[in-house]
Structures are given as C-alpha cells and as structure tokens.
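Written out below as structure tokens is the structure these notes cover.
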Amino acid sequence: MESHVQNILRKRVCFVNLFLRIQFHNSRNFSINDNADEKPIFLVGQHDIAIIKECEKDNDLNNDERTRQFTDFIRVVVKGGTGGDGCVAFNRGKFESKVPPSGGNGGRGGNVIFVASPNHSSLHSVLRTINASRGQNGKGHMQHGSAGKNLIIPVPLGTIVREFVPQPNKNQLEKVDYEGRMNNNENLDEETKLAKKRAKTWVHYPRYDEKNTLNSFFLEAEKMMEEEERYNRPFKTEEKLNLDLSIPDAQYVVAQGGSGGKGNPHFLTNANRSPKYATKGEEGRIRYLELELKTIADAGLVGLPNAGKSTFLTAVSNAHPKIAPYPFTTLNPYIGTVDYSDRFQLTIADIPGLIQGAHKNVGLGHSFLRHIERSKVLVYVIDLSKNKPWEDWNSLQNELEKYRSGLTKRPSLIVANKADITEKAKKNLPIFETILKEKEQEIVIVPVSAKYKKNIVKVTTLLRQIVEKVREKEELP
1 MESHVQNILR
11 KRVCFVNLFL
21 RIQFHNSRNF
31 SINDNADEKP
41 IFLVGQHDIA
51 IIKECEKDND
61 LNNDERTRQF
71 TDFIRVVVKG
81 GTGGDGCVAF
91 NRGKFESKVP
101 PSGGNGGRGG
111 NVIFVASPNH
121 SSLHSVLRTI
131 NASRGQNGKG
141 HMQHGSAGKN
151 LIIPVPLGTI
161 VREFVPQPNK
171 NQLEKVDYEG
181 RMNNNENLDE
191 ETKLAKKRAK
201 TWVHYPRYDE
211 KNTLNSFFLE
221 AEKMMEEEER
231 YNRPFKTEEK
241 LNLDLSIPDA
251 QYVVAQGGSG
261 GKGNPHFLTN
271 ANRSPKYATK
281 GEEGRIRYLE
291 LELKTIADAG
301 LVGLPNAGKS
311 TFLTAVSNAH
321 PKIAPYPFTT
331 LNPYIGTVDY
341 SDRFQLTIAD
351 IPGLIQGAHK
361 NVGLGHSFLR
371 HIERSKVLVY
381 VIDLSKNKPW
391 EDWNSLQNEL
401 EKYRSGLTKR
411 PSLIVANKAD
421 ITEKAKKNLP
431 IFETILKEKE
441 QEIVIVPVSA
451 KYKKNIVKVT
461 TLLRQIVEKV
471 REKEELP
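In terms of the UniProt record's numbering, the sequence shown has 129 at position 129, counting the first letter as 1, and numbering is strictly consecutive.
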C-alpha cells in the first residue's frame, strides 16, 4: 500500500515539474507586452516532451563543446611498483628442533606501460603522477608473492616520449640539502650508516635483529648480496628514453617494477640450516617524462585564420569541427577520414590557423606547427577572395620553412577556397596560376567553394593520387 502511494506522489511531482517547464518554454515565445490572458495553455503531450528533450540535447551539446579539452604537451612522473618483501618462515612440526626454512619470495612490482592508441586524440586524460602497484610479500609454506599488476596507460598515436632531468624548486633543494647533511660522513658514523642500509635491505625474524648482525652467516649473506648487486648493476643502467609511439597498439615499458625480495630458503647452506633473515623488495624505476603529441595524418591543412579550413574538412570528411565567421575558431587539431567508393581511405588534419611569426612561437605557433611535421602531404587552404591571395601562400611557406628546413618540399596542393564569393576571386585565380608557373612550382591549384561543396570531388581525387604516390615510395626498400 505504501509503495503504491509513493508511486502516485512521484508521478504527480514529475507532472508538475514537466508542466512548469512547458509553461516556461511557452512564455519565451511572447514579448513583454503580451497580455497574460492571451497566452495559451497547452496540455502535456508527446510534442511538448519532444521539445523539452530537444532543448536539453542542445544544452548538452553546448556544454560538451565548452568543456572539450585538448592537451598536446605534458610532463609526468612515472614510477614502477616496489617489489614485495621476502618472508622468514619455517615448517614447524612436532618434536622437531631444527626445521627447514619455508619463506616465499616477494613478487615483482608492476611495470608502467604506454600503449599507442589510435582511439585517443589528446593527452588530457593522462595523469601527471603515475604509480604502478606493489608486489605482494612472500608467505610461509613456500608461497611466493604475486607480482604487481602492470599499469597500462593509453596515449594518442604519434606521441613523442622524452626523459628529462627535473629542476628542483626551493623547497626540494632545502630538503635535499638537509638530507645530504644528515647522510654526510661528518654527521653520521659508520655504524649508523650501516644500520640504515641494513634496515632498507633486510627482513629479520622477530627478536633476531641484533642477533643476526652478530652472526657470521648473516655477514656472509650480506657480502653475497653486495656481490650480486655489483654484478647486476651494469645491466640496470639504462639510457634516457626517447620514444616515438607511431605504431598502432604498440606497447612500451617506460618504468620497470622492482624485483621481489628473497625468502630465507635463498640463504640456506650446509652450515646454516635455519637462516632467520630475508631481503626486502627493490624500489621501482622512477622517470621524469615529457609527452608531446604530433598528429599523424596523410594530409595536413595549412592556412591563415578564417581561410575556411574547417569548412573544407567538413565538406570532404566525416569530421565536424566548429565553424564560425571569425578567426581562430579552431583551437586544436581535428582529424577527419575521407572515404572513397572503393573503400580507400585517407586522413586529413585540420591545424589551427597560422599567423606571421608562428615559427617564433607567436600565437602559439609551435603548438600548431608540431602537428604539421608528420603530415605526408601539405594542403594550403587560401582565401581566393582576398586582395593578393598569393601573398598568403608565400607567408605560409616562409613560416613552414623557418620552423623546419625542407618542410615545404613535401608534396603539396593548393585549395583556393571561397572562389564563388566575388568577381575578385575569378580575377585572382589566373594571376595566382601565373605566379606559380613563374616560380617553377609544380603545385596544382584547385578553386573550390567548401561552403557549398563545389569542385570538392576534384580535390579529393587529386589528393588521393598524391597520397598513393607517397605511400608507394614509403613501401619501397
């Protein structure tokens, strides 16, 4: 009975909320001068519900567009998992004075692994501090600890990973200076230093901490572990990371986990039948990394702000970047895929507009130009309706060449956009073609109207021919 009453009340509350929202929706269609008596009152129906859902959908889209995040450069700290500690245990039995050791080894720490994911397009989801899980400690009855789980981090395809040496801040310098003075030979005697080192390395049987340090078997085991560490040291030295994650779904270990500690059976000898000590797990590798995303695409759109690059990308591909009649509408790269009738595909990257001085990082030029470096073909999008549009093309080539020498020598295509706006565009086209011939530039110029999708098929056909030639050259040995 109570549940039935609650359902009725819930339905009435939902009805009232829906009715009030419809009244608010209807009131927006009238001006302030309208009389209250003339406002119609609509009953709640499917049409009204559809209107509200459509408004909510538009609001959600606007919110998603506002909150869309894009990051192409970050610095992170990665740390492999610490290895588990070895165990000190014995197989106890009735009437047995000497029992064999049965402590298991600790599990290794987890690795930090980067995966080049074609499904990711930004670095904003990568955490700034990445720690892999710790290995479990060993247990009695020869139960070895399980290894820590590897931490797999997906990063966008085309990410460059570089290791760097961090510059400590003032607080860190003071901490390092304090710890250095505390660990200095002037402040610590040899016994205290040795005790600290042993505390980081060894696990003792309960109430055997001091007894083990006086035991000759323990001293021999300590020397053995030091020799083993000295032997393995050359194999642990690694060069600084410098990776190019350009192969889809390829995995790269960027921080290895520490090895697990040894259980007390590892120190069993003919003379020492009941070792009462084991070793702790090693710390995982710590690296300081820079992640820089360079978009991978078959063709990259290069142009000044408001030249129509986003409109062109929308016309030829499945991408839907934001389009507006003002400069710098596009603030981060978009990648679209052009599908042909024979299932051939190529990708096009829409790069934010470049301005004069972009090679000097004016207007975030470096952040935009880094996405051009991996494009196999350059597509210059020029506004043909402007005065002297060929000067825009010269400016773009100048910025690209100053940013990286030889970048303008890649296969190129000029898309003369907005060719249908004014008569000036029709007069500029032959002049532009003549200038290209005088400079002996073997670049095809195609007049288009990206807004009305005129002459788009010709552009996509020429672009496919250029991309196919580039791919054939790459496949040659």
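We put the CB at the ideal spot given by N, CA and C, even for glycine.
Computed from a prediction, not measured in an experiment: that's the story for all the values here.
Exercise. For my contact list, G103 and N264 are in at a C-beta cut-off of 8 angstroms; report their separation, rounded to the angstrom.
Key: Distance from G103 to N264 at the Cβ level is roughly 4 angstroms; contact confirmed, criterion being Cβ atoms closer than 8 angstroms.
Quiz prompt | Alpha-carbon to alpha-carbon, K469 and I431 | solution = The alpha-carbon atoms of I431 and K469 are separated by roughly 29 angstroms.
Quiz prompt | Own chain residues within Cβ distance below 6 angstroms of N131, not counting five before or after | solution = Answer for N131: K79, listed in chain order.
Self-check item: Top-ranked residue by Cα proximity to D249, from V381, E222 and I153
Solution: Of the listed residues, the one whose Cα sits closest to D249 is I153.
Quiz item: Whose C-beta lies closer than 6 angstroms to the C-beta of L243 among residues of the same chain, with five residues either side of it excluded?
Solution: The residues are V161 and Y252.
Quiz item: Rounded to a whole number of angstroms, what is the C-alpha to C-alpha distance between N306 and E391?
Solution: So the alpha carbons of these two residues sit roughly 16 angstroms apart.
Practice problem: Report the rounded CA-to-CA distance for N35 versus V381, giving the unit in angstroms. | Solution: Note that N35 has pLDDT 40, beneath the 50 cutoff, so the model's placement of it is unreliable and no number is given.
Quiz item: Measuring CB to CB, does N137 end up less than 9 angstroms from V112?
Solution: The answer is no: Cβ separation not under 9 angstroms.
Exercise. Take R285 and list the residues in its own chain whose beta-carbon comes closer than 6 angstroms to its own, dropping the five residues that flank it on each side.
Key: G80, A255 and Q256.
Self-check item: S31 classed as buried or exposed, judged by whether at least 16 other C-beta atoms fall within 10 angstroms
Solution: Per-residue confidence for S31 stands at a pLDDT of 39, beneath the threshold of 50, marking its modelled position as unreliable; the derived number appears in the next sentence. By the neighbour-count rule (16 or more Cβ atoms within 10 Å), S31 is not buried but exposed.
Exercise. Give the DSSP bridge partners of A349, in chain order.
Key: According to DSSP, which records beta bridges pairwise, A349 is partnered with G300 and I335.
Quiz item: Is T129 closer than 9 angstroms to V76 when the C-beta atoms are compared?
Solution: Closer than 9 angstroms, so yes.
Exercise. Report buried or exposed for P234, applying the criterion of at least 16 other Cβ atoms within 10 angstroms of its Cβ.
Key: The residue is exposed, with fewer than 16 neighbouring Cβ atoms inside 10 Å.
Quiz item: DSSP state of A147, grouped into three classes?
Solution: Taken through DSSP and simplified to helix, strand or coil, A147 comes out as coil.
Exercise. Could you tell me the boundaries of the alpha helix (DSSP H) in which P234 lies?
Key: Looking at the DSSP string, the run of the alpha helix (DSSP H) that includes P234 is S216 to K236.
Quiz item: Under the three-state reduction of DSSP, which class applies to D392: helix, strand or coil?
Solution: DSSP places D392 in helix when its eight states are reduced to three.
Practice problem: Pick out whichever of L463, L384 and K424 has its Cα sitting closest to the Cα of S412. | Solution: Looking from the CA of S412, the closest CA among L463, L384 and K424 belongs to L463.
Practice problem: Please confirm whether N105 and H144 have their CB atoms less than 9 angstroms apart. | Solution: Yes, the pair counts as a contact, with Cβ atoms nearer than the cut-off.
Quiz item: In chain order, what residues of the same chain lie with their CB nearer than 8 angstroms to the CB of Q46, ignoring the 5 residues before and after it?
Solution: Its pLDDT being 44, under 50, Q46 is placed unreliably by the model, and the measurement read from it follows with that caveat. Same-chain partners within the cutoff: there are none.
Practice problem: In the DSSP assignment, find the unbroken alpha helix (DSSP H) run with V448 in it and report its ends. | Solution: Unbroken run through V448: none, as it is neither H nor E.
Exercise. Could you pull out every unbroken beta strand (DSSP E) segment of at least 3 residues lying fully inside the region 76-162, listed in chain order?
Key: Along the length of the region 76-162, whole beta strand (DSSP E) runs at least 3 residues long occupy 112-117, 129-131 and 151-156, reported in chain order.
Quiz prompt | Nonlocal neighbours in the same chain, by C-beta distance under 7 angstroms from K294, ignoring five residues either side | solution = G158, I160, R370, H371, E373 and R374.
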